[in-house]
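**Q**
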Amino acid sequence: MKSEPYAYSIKDLKNEVETLWDGIRNYQARNFMRSMKIGDKAFFYHSNTKPPGIVGLMEIIETKLVDPYQFDESSKYYDKKSNRDNPRWDCVKTKYISEFKNMLTLNELSETYTSEELTLVRKGNRLSIMPIKKEIALEILKKLEKN
DNA sequence: GCCAACGTTGGC
DNA sequence: GCCAACGTTGGC
Numbered sequence: 001m002k003s004e005p006y007a008y009s010i011k012d013l014k015n016e017v018e019t020l021w022d023g024i025r026n027y028q029a030r031n032f033m034r035s036m037k038i039g040d041k042a043f044f045y046h047s048n049t050k051p052p053g054i055v056g057l058m059e060i061i062e063t064k065l066v067d068p069y070q071f072d073e074s075s076k077y078y079d080k081k082s083n084r085d086n087p088r089w090d091c092v093k094t095k096y097i098s099e100f101k102n103m104l105t106l107n108e109l110s111e112t113y114t115s116e117e118l119t120l121v122r123k124g125n126r127l128s129i130m131p132i133k134k135e136i137a138l139e140i141l142k143k144l145e146k147n
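Numbered continuously in the working numbering, the first sequence closes out at residue 147.
#1: For a minimum of 3 consecutive residues, which ranges assigned as the beta strand (DSSP E) are wholly contained in the region 46–116?
#2: So, helix, strand or coil for lysine 2, using DSSP?
#3: Can you tell me which residues form a DSSP beta bridge with phenylalanine 43?
#4: For aspartate 72, is the classification buried or exposed, using 16 other Cβ atoms within 10 angstroms of its Cβ as the cut-off for buried?
#5: Can you find at least 3 beta carbon pairs, one from the region 104–119 and one from the region 128–143, that sit closer than 8 angstroms?
#6: By how many angstroms is the C-alpha of lysine 143 removed from the C-alpha of isoleucine 82?
#7: Does the beta-carbon of aspartate 22 have 16 or more other beta-carbons within 10 angstroms, so that it is buried, or is it exposed?
#8: Thinking C-alpha only, which one of Leu104, Asn102, Pro68 and Met1 is nearest proline 87?
#9: Looking at glutamate 62: is its Cβ nearer than 8 angstroms to the Cβ of lysine 93?
#10: Nearest-angstrom Cα distance between tyrosine 77 and aspartate 90?
#11: Say the cut is 7 angstroms; is the CB of isoleucine 10 nearer than that to a heavy atom of the ligand COA?
#12: Over what stretch of residues does the beta strand (DSSP E) that includes leucine 120 continue unbroken?
#13: Output the residue ranges of the alpha helix (DSSP H) runs that lie fully inside the region 6–34 and measure 4 residues or longer, sorted by chain position.
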């Protein structure tokens, strides 16, 4: 799950412990979020920064929550086409697990994995939430725990 | 700042 | 339903 560190970083999550993963306004990303289950783990990825990469680990602690900002006219995430009876956008709540001592950069990930193995490294990929194969996730986790 | 790779919008 | 124009994301 990507976040620009200027907007919300792994340090912010560490301080707050839990956060609503709101502001997702892309159907594909939303659908991936909808498929999440309580107890699932997710990597926290810093995007649009130098260097981008995986910086931490978190857990999904609540699912299928209505994203409140879609009804907030003052929010940049306001969506006038959404309605309360059938909200268009939902989100999950995540909980901090750990911040890695050394981040795993996108550059390192691209050198290690093909885009078939890891969607994240696909050229031009803009999805802010995407699934990861379990065996790849475990491999990455092992690598991160070693450093 | 550039641009690839989308996603969205709206006219038809 | 098609598609041109435009907007967004995010790496480089």
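Don't be surprised by glycine CBs; every beta carbon is placed ideally from N, CA and C.
As the structure is a prediction and not an experimental result, all values here were calculated from the model.
**A** Inspection of the coordinates gives the following:
#1: Fully enclosed beta strand (DSSP E) runs of 3 or longer: 53–66 and 90–105.
#2: Annotated three-state conformation of lysine 2 is strand, per DSSP.
#3: Answer is Leu57.
#4: Note on aspartate 72: under 16 other CB atoms within 10 angstroms of its CB, so exposed under the neighbour-count rule.
#5: Yes, the region 104–119 is in contact with the region 128–143.
#6: One detail in the question is off: residue 82 reads as serine in this sequence, not isoleucine. Rounded to the nearest angstrom, the two C-alpha atoms are 42 angstroms apart.
#7: So aspartate 22 ends up on the buried side.
#8: Closest option to proline 87, Cα to Cα, is Pro68.
#9: Cβ distance < 8 angstroms, so glutamate 62 and lysine 93 count as in contact.
#10: Spanning the two alpha carbons is a distance of roughly 12 angstroms.
#11: Of the ligands one can find in the structure shown there are none, so the ligand COA has no counterpart to examine.
#12: It is not in any beta strand (DSSP E) - leucine 120 carries neither H nor E in the DSSP assignment.
#13: Counting only runs of 4+ residues, the alpha helix (DSSP H) found wholly inside the region 6–34 occupies 10–16 and 27–34, in chain order.
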